[in-house]
Amino acid sequence: MKTLLLAAALTAPLATPAVQAAPAAQSVAPARGVVTSADPRATEAGQAILRQGGTATDAAMAMMLALTVVEPQSSGIGGGGFLVHNDGRTGKVETIDGRETAPAADTARLFLGPDGQPLPFAQAFPGGRSVGVPGNVRLLAQAHKRWGKLPWKALFQPAIRLAEQGYAATPPLVNGVRIVSPIWANTNFDDARALYGDAKVGETIKNPRLAALLRTLSEQGPDAFYTGDNATELLRVATQSRVAPSSMTAADLAGYRAIERAPVCGTYRRYRICSMAPPSSGGVTVLEILGMLERFDLRKLGKDSPVAWHLIAEAMQLAYADRDTYLGDPAFVNNPIAGMLAPAYLRQRSALIAPDHALGTYAPGHPAGAGRMTAALSSEVPATTHFIAVDKRGDIATMTSTVEGPFGSQLIANGYVLNNELTDFTFAPEKDGAPVANRPEGGKRPLSSMAPTIVYDRSGKAIFSVGAAGGRTIIMQVAKALIAHLDWGMPAREALGTPLIFFNADGLVLEQGTWLAAMKPALEKLGHRVTIGKLGLKANAVEWTPRGWVGAADPRSVGTALPE
Ligand code: GLU
C-alpha cells in the first residue's frame, strides 16, 4: 500500500508542470562575458580574448588551443570535438562536428585480431591504428569564419606563449602520465616520454615544436595543418609507427571537413534543451533520460531521496540501451532520433520504470524508424575536456574536445598528441548476426558521448550551459547537472559537484567518498546491485543569474571560471 501511495505521489500529471526551483531569467544584470575550462591557464586565455573584444567563439577557440598545450593528456589539435553555439540575439542554436574520422582504407576488421576476435583495449589504443583524422583545426576555422571577430592570429597567441615560455604541470597531467607511462617504455613512444615522462607537479614544461607549429598555423591558416609539412609529419608518425601503423593517407587529411549540423533539441518541464546530434550520442541520450523522468516529481523527492536516484538510474539504463543499439555516424547509420524522442515513445519507455523496484534488465526499445541493429558497448575511458565562453552579446560557445584516452594514441607529431578516437568504435562489427551501428568503417566518425548542452527558458533566453569529460559518464554527468540545477535549484557549481550515479556490467556505481555512497543499502533494497567506485569526472557550466552570467568548474577538477 505504502509503495502504491508513493507511486501516486511521484507521478506528476504531464499537463501540470511541477513548480520549478531554478531561478527565472532576468535581464537586469549588466552584460558581461564569462569563461570556464578545466585548466586555469586556458581559462585565462579565454578571458584575455574576451577582454580584447573577442566573441564567445574567439574565446572558446583560444581555450581549445591553450588546452592543447597545458592539458595534452585530454585534448588538443591532434584530436576532435563538438561545438554548440547560441546566438545571443536570436537564440538560434547551431553546432559544428569536428569529430575525428577513420581513414578511407580502414575496414570493419580494424580492431579484430588475427583470430577474428576483438582486440583487448590495452592492445588497441597505442600506436597508429587508433588515430582518426583530427578535426579540431577545421572546426576552429569554421567556427571562426561563422562567429569570430578578432583576427585568426590573435586566437593562437596565448597558446604560443604557454608552449614557448612553459607552464607548470598540473596533478591531472602527472596522473595521466602515471597511467600510461608503462607504454612509453617502448621506444616507439619516445617523443611522449621526452616531453612528459619526467613531469612533476609544479615543474615547468616547454614545448617549442608545438609553439613553432602554432605560429605557422596562426600565420598560414588551417590548411597548414592538413597539407604541407605538418601533414607529412603527422602521416610519418601515424603510418610509420612500429606499433600498429595507421592506413591514413594525405588524401584522408586534406579531405577532412568539419560539418555544421542541426542540434538535437527537446523539452524538459518548462525548458528547451539543445545539444549535440550524432555522431555524438550525447544530446539524444540526455534528452531521452530527461524525457523518461519528466512524469516524476523529482523536485518534490529531492536529492536526499534514494527513490529519486533509483528513478534516475532506471531512466539512465534504459536510455543507454537505446543509445548503444541505434546511434552512429549519420553518414552510415539511420539514427532514429525522432522516434527515440517522440513523446509517445518516451512515455512507453518511462512506463517501464516503477518507483518501488528495479527493472533488472534494460533492453533497447523499438523507436519508430529503427533498423535492425544490435547493442554493443564501445570501450571509452575517461579523458577529454569541456569549456564554455559567453560574451557580452549573449553568444555562447560550448565545446567538448578530446584526444580520447590519456595522451590518446601515445604518438606525438610536432609536439601535439595524436588521438586514439577510433577506439570509440565498437570493436566487434556484428553481434548475433546483426550489424553493430557503431562498427568501424572507412571514412566514418566513431560514436561519441560528448554532450555540450544549452538550456533555454520559456522566453527563449539561454540560462544554462553544461558539458563534461569522462567517456560514457559524460551523458549522465550532464543529465545529473541538469536535474540538480533545474529540479533541485542548485547553483551551477553545486550542481556539478553533486555526486554521480553510473552503471557497469555489475550494476549501479555510486561515486566513492560522497553522500550518495551512503544510499547503497536503500538502492539495494529497491533491487539494484550496487558498488561504490571512483568515476573519472570533470564538468564545466555557466548559468544566468540576477548578477549576470556566472561560470563554474567541477570542484573535483583544477578547472576555473573567470569573468570577462
Ligand atoms: N572519446 C570519448 C567520446 O567521444 C570521450 C572520452 C572521455 O571523455 O574520456 O565520447
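Those letters in the sequence shown? Residues -21 to -1, 1 to 543, by mature numbering (1 follows the signal peptide of the UniProt record, and there is no 0). In this text, a Cβ means the ideal position worked out from N, Cα and C, and glycines have one as well.
Exercise. Pick from 407, 106, 506, 340: whose alpha carbon is nearest that of residue 286?
Worked result: 506
Exercise. Which residues in the same chain as residue 537 place their Cβ atom closer than 8 Å to its Cβ, once the five residues preceding and following it in sequence are excluded?
Worked result: 17, 18, 19, 149, 150, 151
Exercise. Between which two residues does the alpha helix (DSSP H) carrying residue 40 extend?
Worked result: Going by DSSP, residue 40 is part of the alpha helix (DSSP H) stretching over 35 to 49.
Exercise. So, residue 89 versus residue 306, is the Cβ gap smaller than 8 Å?
Worked result: no
For this session: Leaving aside the five residues before and after residue 194 along the sequence, list all residues of the same chain whose C-beta is less than 8 Å from its C-beta, in chain order.
Result: 135, 139
Problem set entry | Where residue 523 falls: helix, strand or coil (DSSP) | strand
For this session: May I have the straight-line CA-CA distance separating residue 206 from residue 13, to the nearest angstrom?
Result: 35 Å
Problem set entry | Alpha carbon of residue 183 to alpha carbon of residue 47, nearest angstrom | 16 Å
For this session: Examine the ligand GLU and report whether any of its heavy atoms sits within less than 7 Å of the Cβ of residue 453.
Result: yes
Exercise. Between residue 429 and the ligand GLU, is the CB less than 7 Å from at least one heavy atom?
Worked result: yes
For this session: Please check the pair residue 399 and residue 180, which I expect to be a contact at CB under 8 Å, by giving their CB distance rounded to whole angstroms.
Result: Contact doesn't hold; Cβ gap of about 25 Å is too wide.
Exercise. Leaving out the 5 sequence neighbours to the left and right, which residues in its chain are closer than 6 Å to residue 52 when beta-carbon positions are compared?
Worked result: 152, 155, 385, 386
For this session: State the beta-bridge partners of residue 108 as determined by DSSP.
Result: In DSSP, residue 108 forms no bridge with anything.
Exercise. On the premise that residue 520 lies in contact with residue 474, defined as a C-beta separation below 8 Å, what is that separation, rounded to the nearest angstrom?
Worked result: 7 Å
For this session: Count the other C-beta atoms from every protein chain shown that fall within 10 angstroms of the C-beta of residue 1, then say buried if there are 16 or more, exposed otherwise.
Result: With a pLDDT of only 41 at residue 1, under 50, the local geometry of the prediction cannot be trusted, and the value read off the model is given with reservation. The residue is buried, with at least 16 neighbouring Cβ atoms inside 10 Å.
Problem set entry | DSSP bridge partner residues for residue 528 (one or two, in chain order) | 523
For this session: Go through its chain and collect everything with a Cβ distance to residue 418's Cβ below 7 Å, but skip five positions before and after it.
Result: 87, 404, 405, 408
Exercise. Is residue 383 near the ligand GLU, with its Cβ less than 7 Å from a heavy atom?
Worked result: yes
Exercise. How should residue 381 be labelled, buried or exposed, when 16 other C-beta atoms within 10 angstroms of its C-beta is the threshold for buried?
Worked result: buried
Exercise. Counting along the chain, where does the beta strand (DSSP E) carrying residue 445 start and finish?
Worked result: 441 to 448
Problem set entry | Start-end ranges of the beta strand (DSSP E) lying completely within the segment 171 to 204, minimum 3 residues | none
Problem set entry | Assumed close pair residue 458, residue 304 - CB separation to whole angstroms, cut-off 8 Å | Not a contact, Cβ separation roughly 19 Å.
For this session: Quick one: grab the DSSP three-state call for residue 251.
Result: strand
Exercise. Sorted by chain position, which residues of the same chain lie with C-beta nearer than 6 Å to residue 298's C-beta, five sequence neighbours on each side aside?
Worked result: 264, 267, 268
Problem set entry | residue 547 classed as buried or exposed, judged by whether at least 16 other C-beta atoms fall within 10 angstroms | With the chain covering -21 to 543 only, the question about residue 547 has no answer from this structure.
For this session: With a 10 Å radius around its C-beta and 16 neighbouring C-beta atoms as the bar for buried, classify residue 103 as buried or exposed.
Result: By the C-beta density criterion, residue 103 is buried, having at least 16 other C-beta atoms within 10 angstroms.
For this session: Using beta-carbon positions only, say whether residue 378 and residue 62 come within less than 8 Å of one another.
Result: In contact: residue 378 and residue 62 (Cβ atoms closer than 8 Å).
For this session: Hey, could you find the ends of the beta strand (DSSP E) residue 461 is sitting in?
Result: It is not in any beta strand (DSSP E) - residue 461 instead sits in the alpha helix (DSSP H) that spans 452 to 461.
Problem set entry | Whether residue 508 touches residue 533 by CB criterion (8 Å) | no
For this session: Could you tell me how far apart the beta carbons of residue 277 and residue 334 are, in whole angstroms, since I believe they sit closer than 8 Å?
Result: By a beta-carbon distance limit of 8 Å, residue 277 does not contact residue 334. Their separation comes to about 11 Å.
Exercise. Taking 7 Å as the cut-off, does the CB of residue 400 come closer than this to any heavy atom belonging to the ligand GLU?
Worked result: Residue 400 Cβ: within cutoff of the ligand GLU.
For this session: Locate the alpha helix (DSSP H) running through residue 240, then write down its first and last residues.
Result: For residue 240, no alpha helix (DSSP H) run applies; the uninterrupted beta strand (DSSP E) run containing it begins and ends at 238 to 240, by DSSP.
Problem set entry | Close-in-space but distant-in-sequence residues of the same chain around residue 190 (CB under 7 Å, 5 per side omitted) | 139, 142, 143
Exercise. In chain order, what residues of the same chain lie with their CB nearer than 7 Å to the CB of residue 237, ignoring the 5 residues before and after it?
Worked result: Contacts found: 75, 76, 77, 114, 117, 118, 121.
For this session: Tell me where the beta strand (DSSP E) around residue 62 begins and ends.
Result: DSSP places residue 62 inside the beta strand (DSSP E), whose first and last residues are 59 to 65.
For this session: Could you say if the segment 341 to 348 and the segment 418 to 436 meet the contact criterion of at least three C-beta pairs nearer than 8 Å?
Result: The segment 341 to 348 makes no contact with the segment 418 to 436: fewer than 3 CB pairs, one atom from each, lie closer than 8 Å.
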